[in-house]
Structure formats: C-alpha cells, structure tokens
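2 protein chains.
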Amino acid sequence: MKRNSRLSLALHTLSHMAGDPDRVRTSADIADHARTNPVVVRRVLGKLREAGLLTSEKGHAGGWKLSVPADDISLADVYLALDERLVSGASQDDEPSDCSVETGLQARVAVVLDEIEENLVERLRETSITDVHPKTCSYCESQATQ
Amino acid sequence: MKRNSRLSLALHTLSHMAGDPDRVRTSADIADHARTNPVVVRRVLGKLREAGLLTSEKGHAGGWKLSVPADDISLADVYLALDERLVSGASQDDEPSDCSVETGLQARVAVVLDEIEENLVERLRETSITDVHPKTCSYCESQATQ
DNA sequence: ACAAATACAACTGAAATTGTTACGTATGTC
DNA sequence: GACATACGTAACAATTTCAGTTGTATTTGT
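Top to bottom, those sequences are chains A and B. When we follow numbering that gives the first Met the number 0, the leftmost residue of the first sequence carries the number 0, and every step to the right adds one. When we follow numbering that gives the first Met the number 0, the leftmost residue of the second sequence carries the number 0, and every step to the right adds one.
Below you can see the structure in the form of structure tokens.
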C-alpha cells in the first residue's frame, strides 16, 4: 500500500460490508483481502468504531460489522473519523516566525484553507458508501450466499 | 520547516515580492530569510517560474522577481504550479487490484474527489497574493527604500 | 579572468507512515 | 476449566517521503 492508504482501506472495507451487512469479518480476513496486516486493519477500523460506524466483538466468532446502514455513512463520516484533514492543518504548528509577513500571511491563509476544508466536508457528506459501491459487484454476488 | 512547506515558502516569498516587485532577490537571500536552503528555494520557485509567475536570471546580479503583477496571482496559480493536489491523486497509482470492488470504488471515489478538487481550485482562485499579504507590513516599509 | 548567480544531479537525514511481532485480554466451544 | 479464536495495544522494524546538503556545470556581468 501507499500514501493515504487509510482512507482507501476504510472505504474498501466499508464498501464490502455494505454488500453483506450481517456478515462478521475478522481483521485477518479483511487484511488478507486488502493485502495488508491485521493490526493495520484494526488501527483503521478502530477509528471508525470510535466514530460509531461499526462494531467489533472479541473472542471466538468475533470480528467487525457495520453498526449503521451503509446508506447512512457518508464519505465525510469516514474522512472525519480518520482525522484526515487534507486541506488545512498543513503548514501549522511551526515555530513562530520572527517575520511579520510570515505570521500575518499564515493567519490569512489558514482562514482560507479552513473555509475550503469545511466545503470539502460538506461535499463529502453528499456521497454515501452505497453511492461509491459498484452497482454490479461480482464479489458481493459470489459472497452473498455464504 | 515541515510538512507542506513548499506552499508556505512559495506564498511567503511571493508575498514579499508583492511588497517590492522590482527588487531582484537571490535564492540565498530568500533562503536566509525563510530559514531554509538556496537549493530548496530554487526547487520551489522553479515550479513557479514554469507556471510563468516569476522569472530568474543567471549570473552576476541575477536572481528572482515577479513576472506578473501580484494582483494577478491567485492562490490557485500557486497551488497548481506546485502540483499540490491535496485532495485527489491521494490513493492513486497503486498496482491494479484484483478486487472488482476496489477498482470500481476507486473510480467512483476519484470522480467525487476530482469534483472537490475543482471546487477547491475555484475557491483558491478567488484569493490573490495581495489579499493574503498583511496590510501593514513593517518588513515592506523597512525594505521599501533599498 | 573572475566572481556571483542559477541549474541540476546525487546523496544524506529526519519525520511520518505502514508493516510486523509479541503479549494481554475477552469470548465462545468443548 | 482448558483451549482456540479474535480483538487491543505497545514496541519495534521497514518503507516512504521530503527537506536539506554537497558538488559541479553553466551563465552572466565586471
């Protein structure tokens, strides 16, 4: 996997879950399918659980499943759950510059970026997991009877 | 400097140039002021030059200056010149997955992100370098007579 | 000729992120 | 109750990314 794989992994997994909401999946299964590691899966899905999007059960027959209908999960929910903040928060928490241009500029740029970030989330909220899930999903069909 | 410092460095430098457009600055001067390295400055400003925002002259008395009025430079121009692409291009150029959900999903997510990216650029285009430049800039005043 | 500046390539180093291992804890089955 | 299974978490290793650095070539004005 590569850069920003958390969002990818989260969406991929949620998309599969949307296709078969009652099936409980282990982090090992998910990791195997997404070609990554169970611990990585738990790290990412753990964030989604904190946000109330899915639940995990320990022990035998435990695993992960959606805790709300996939229709109710927007891309914004996933994005915010992962603390992504693509836009703003970029050039922050630096040592305070002794250049008045720099500090004044940073403040103004921060305002602009914050507005854009808000708008990003607004638009992500308009798309749900089911919206980005393929209509004809051979994987779901093959797994549906399991 | 830190993450996404290229945009910071670019805006900081352009902002200074906006305050005294005819002054030619060397990458060493700029690096010194921005507490970074001349080569780093050239890397970043080189991108802005490719985009036509400023020019560089080699040799004695060479250096960098704006090639267009600062009013005509929007944040979008800078953002695009640096190939930032904060939003989309995030989970791309991975090895093609053998999972039909993954490929289908990626395509759909890409559409959404591209739309959001377009909107981001639109909004960045509404703000110019002079807009984010502090109105009362002690640095500009002190340098104005040089 | 010389000095000053960009252009560029190659390498180094630090920070962030992912991947891995290991161990603790919880839960269902026998 | 013993055991297998699965999550939770911490600690560490490997990888990636990007700023930083060094060195050399080239251009340009004095």
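Don't be surprised by glycine CBs; every beta carbon is placed ideally from N, CA and C.
Asked: Beta-bridge partners of A:Ser-14, as assigned by DSSP; Found: Partner(s): none; A:Ser-14 has no beta bridge.
Asked: Whole-angstrom distance between B:Val-111 and B:Gln-91, CA atom to CA atom; Found: Legend: pLDDT at B:Gln-91 = 49, less than 50; position of this residue unreliable, no value from coordinates given.
Asked: CB contact flag (A:Leu-44, A:Val-77, <8 Å); Found: no
Asked: Residue range of the unbroken alpha helix (DSSP H) whose run includes A:Gly-51; Found: A:Gly-51 -> no alpha helix (DSSP H), and no H or E assigned at all.
Asked: Inter-residue spacing [alpha-carbon to alpha-carbon] between B:Leu-123 and A:Lys-57; Found: 47 Å
Asked: Own chain residues within Cβ distance below 6 Å of B:Thr-102, not counting five before or after; Found: Ser-96
Asked: Terminal residues of the beta strand (DSSP E) in which B:Leu-65 lies; Found: 62–65
Asked: At least 3 beta-carbon pairs within less than 8 Å: the segment 104–121 of chain A vs the segment 64–71 of chain A; Found: no
Asked: Cβ pair A:Ala-27, A:Pro-37 closer than 8 Å; Found: yes
Asked: Per-residue burial, A:Gly-18 [other beta carbons within 10 Å of its own, 16 or more giving buried]; Found: buried
Asked: Inter-residue CB distance, A:Gly-8 and A:Ala-33 (contact presumed, cutoff 8 Å); Found: The question names Gly, but residue 8 of chain A in the sequence shown is Leu. That belief holds up - the Cβ atoms of A:Leu-8 and A:Ala-33 are roughly 6 Å apart, short of 8 Å.
Asked: Proximity below 8 Å, CB of A:Gly-62 to CB of A:Arg-24; Found: yes
Asked: DSSP three-state assignment for B:Ser-96, whether helix, strand or coil; Found: coil
Asked: Inter-residue spacing [alpha-carbon to alpha-carbon] between A:Leu-13 and B:Ala-80; Found: 35 Å
Asked: Contact set for B:Arg-41: own chain, Cβ-Cβ below 6 Å, skip 5 residues either direction; Found: Ser-26
Asked: 9 Å Cβ cut-off: residues of chain B touching A:Pro-118; Found: The question names Pro, but residue 118 of chain A in the sequence shown is Asn. Those are Ile-115, Asn-118, Leu-119, Arg-122, listed as they occur along chain B.
Asked: Where the segment 27–52 of chain B meets chain A: residues whose CB sits under 9 Å from a CB there; Found: His-32, Ala-33, Arg-34
Asked: Helix, strand or coil at B:Arg-107 according to DSSP, with G and I counted as helix; Found: helix
Asked: CB contact check: B:Leu-79 to chain A, cutoff 8 Å; Found: no
Asked: Spatial distance of B:Lys-134 from A:Glu-121 (CA atoms); Found: 32 Å
Asked: Proximity test, Cβ basis, 8 Å: B:Ser-127 and chain A; Found: no
Asked: Euclidean distance between Cα positions of B:Leu-85 and A:Leu-85; Found: 6 Å
Asked: Which of helix, strand or coil DSSP assigns to B:Arg-34; Found: coil
Asked: Beta-carbon gap between A:His-15 and B:Val-100 smaller than 8 Å; Found: yes
Asked: 8 Å Cβ cutoff, B:Leu-74 in contact with chain A; Found: yes
Asked: Span separating the alpha-carbon of A:Leu-74 from that of A:Thr-126; Found: 6 Å
Asked: B:Glu-117 classed as buried or exposed, judged by whether at least 16 other C-beta atoms fall within 10 angstroms; Found: exposed
Asked: Where A:Arg-22 sits in the DSSP three-state scheme; Found: coil
Asked: Within 8 Å, strictly: CB atoms of A:Ile-115 and B:Leu-119; Found: yes
Asked: Those residues which DSSP pairs with B:Ser-73 across a bridge; Found: B:Ser-127
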